[in-house]
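Trainee:
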Amino acid sequence: MKIISVVGARPNFMKIAPFIKAIETSNKSNTGEKISHILVHTGQHYDDRMSKAFFKSLGIPAADINLGIGSGSHAEQVGKTMMAIEKVLVAEKPDWVVVVGDVNATLACSVSAKKLHIKVCHIEAGLRSGDERMPEEINRLVTDRLSDLLLTPDTLSVANLKAEGVPDSKIKFVGNIMIDTLEANREKAKAFDIAGIINENALQNEQNKPIDTKNGYAVLTLHRPSNVDKKEVLEPIIDFLTSEVARDMPMIWPIHPRTQKMLQQFNLWEKAVACQQLVLLHPIGYHEMLRLNMNATIMLTDSGGLQEECCVLGTPCLTLRWNTERPVTLKEHGGASVLVGNNISRIREEYNIALNVGRVPQRPEQWDGQTAGRCVKAILDFPS
Ligand code: UD1
């Protein structure tokens, strides 16, 4: 059996790493069909710190093919990816294309494969925010509509797919593949030193801030267009962080390239840099982020993956969104995350509550570190 799997952007890399290892394990066992695997990187994320560093630290083999797509509008990224992947699919004729997550590469490659009558498997199927203004939601809807095999991370996703009329035969509940990576890398991450992470990753001129994390610290990440692309949304968030959170504890902020660009464009960059309790880092590696998360007093984020990691680690998490495609991570489902949107009085209220809640680790069903093996088995078992 020949499988092409596709990655494009940072959150894809931690999902593909265990999948590739599970293929190797399956190929070593004496039972079952052998899989020949080709890894395609669309090149949506191309900076070393957004891409190459993850391949290295997670032991992902270099991509067999890089489509070199780079930045651009959504239509440009999707269109260029479709044109490039079509050539690869025609030449390689795989039995399956495996896509992960909800980035532009996921959409583009599932559409191209399906038009060439190649079976599509979606890992992390069935997540729904219900918000069609999010580009990722469009990517999820189209990919799931076209996929032949939908591998879901939780039972809520199964229910979403059933409600959309997807037949049971296409759905397989396998658990969350991100947690395979978390469990495989916990010990390695523990060995990292927090001061060392700050020193090695601080942006220029940020190195000398008097950050002392002994009595707690907050970790921030922000990159959603809905939070960072409008000054009237981003400015009050920066004000809240630099004037209120800064009074309580130091903050560590590995900054996404999009967010850095927008802060500079809105003349907010100087304010962030001037705050002595806020240290800005380059995008950091997987183990560094896991290490920071393990001991953080609180996480403020708009990332889906971090919501999940906070859930398993038990870090109180303020999710700066009005909705989430990952409700299993929310407090009402036993998780550590609460939706606060970008309204400052709501953020403040939940921030004060979160400071009084300790770490409460939670493990949704089948988030057991063994998901990748179930993904490979589901593909091998799929009726041809
Ligand atoms: C993408 C995903 C999002 C995911 C996020 C994680 C889509 C629709 N969105 O959003 O789901 O949560 O990745 O990071 O696929 N840039 C660089 N270097 C890079 C990559 C990007 O400088 O290596 C800059 C470019 O100027 C680009 C901007 O960041 O225009 C945004 O990148 P893009 O890939 O378009 O989307 P993300 O916001 O990263």
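Under the working numbering, the residue at position 270 of the sequence shown is numbered 1214, and the numbers go up by one with no gaps. Every residue gets a Cβ at the ideal spot worked out from N, C-alpha and C, and that includes glycine.
Looking only at its own chain, which residues have a Cβ that is under 6 Å from the Cβ of T1245, when we skip the five neighbours before and after it?
Mentor: Here residue 1245 corresponds to residue number 301 of the sequence shown, with the count starting at 1. T1165.
Trainee: Report whether the distance from the Cβ of A966 to the nearest heavy atom of the ligand UD1 is below 7 Å.
Mentor: Mapped onto the sequence shown, residue 966 falls at position 22. Incorrect: A966 has no Cβ contact closer than 7 Å to the ligand UD1.
Trainee: Looking at the strands, I want to know which residues DSSP matches up with M1195.
Mentor: Looking up residue 1195 in the sequence shown gives position 251. Per DSSP, A1162, L1222.
Trainee: Quick check on V951: does DSSP put it in helix, strand or coil?
Mentor: Locating residue 951 in the sequence shown gives position 7, counting from the first residue. In this structure, DSSP gives V951 an extended state, which the three-state scheme calls strand.
Trainee: For M1206, tell me which candidate among S1170, I1196, E1188, Q1220 has the shortest Cα-Cα distance.
Mentor: Looking up residue 1206 in the sequence shown gives position 262. Residue S1170 is the option with its Cα nearest to M1206.
Trainee: Measuring only from the beta carbon, is H1167 closer than 7 Å to any heavy atom that is part of the ligand UD1?
Mentor: Within the sequence shown, the letter at position 223 stands for residue 1167. Within the cutoff, so yes.
Trainee: For H1066, verify whether its CB is less than 7 Å away from any heavy atom of the ligand UD1.
Mentor: Here residue 1066 refers to the residue found at position 122 of the sequence shown. No - the ligand UD1 has no heavy atom lying nearer than 7 Å to the Cβ of H1066.
Trainee: Out of N1300, T1263, R1168, C1065, state which residue places its alpha-carbon closest to the alpha-carbon of G1285.
Mentor: As a position in the sequence shown, residue 1285 is number 341, starting the count at 1. Of the residues N1300, T1263, R1168, C1065, the one whose Cα lies closest to the Cα of G1285 is T1263.
Trainee: Rounded to a whole number of angstroms, what is the C-alpha to C-alpha distance between G1140 and K1132?
Mentor: By 1-based counting over the sequence shown, the position of residue 1140 is 196. By 1-based counting over the sequence shown, the position of residue 1132 is 188. If I take the Cα positions, the gap works out to 15 Å.
Trainee: Starting from the Cα of E1188, find the closest Cα among E1293, V1064, R1318 and give me that residue.
Mentor: Taking the first residue of the sequence shown as 1, we reach residue 1188 at position 244. Nearest of E1293, V1064, R1318 to E1188, Cα basis: E1293.
Trainee: So, is I1123 buried or exposed, given that buried needs 16 or more other C-beta atoms within 10 angstroms?
Mentor: Reading the sequence shown from its first residue, position 179 is the one you call residue 1123. Burial call: buried.
Trainee: With distances taken Cα to Cα, identify the nearest neighbour of V1320 among N1159, F1117, E1150.
Mentor: Your numbering for residue 1320 matches position 376 in the sequence shown. When each option's Cα is compared against that of V1320, the closest is F1117.
Trainee: What do you reckon, are the CB atoms on G1016 and A961 nearer than 8 Å?
Mentor: Here residue 1016 corresponds to residue number 72 of the sequence shown, with the count starting at 1. Here residue 961 corresponds to residue number 17 of the sequence shown, with the count starting at 1. No.
Trainee: Hey, could you find the ends of the beta strand (DSSP E) T1263 is sitting in?
Mentor: Here residue 1263 refers to the residue found at position 319 of the sequence shown. If you look at T1263, you'll find it in the beta strand (DSSP E) that goes 1261-1263.
Trainee: With 16 as the cutoff for other CB atoms within 10 Å, does H1018 come out buried or exposed?
Mentor: What you label residue 1018 is simply residue 74 of the sequence shown in a count that begins at 1. Burial call: exposed.
Trainee: Using 8 Å for Cβ pairs, my map puts G1109 next to A1049. What's the rounded Cβ distance?
Mentor: Against the sequence shown, residue 1109 aligns to sequence position 165. Against the sequence shown, residue 1049 aligns to sequence position 105. So it is not a contact: roughly 26 Å between Cβ atoms.
Trainee: Mind the definition here: the region 1216-1225 touches the region 1180-1196 only if three or more C-beta pairs lie below 8 Å; say whether that holds.
Mentor: yes
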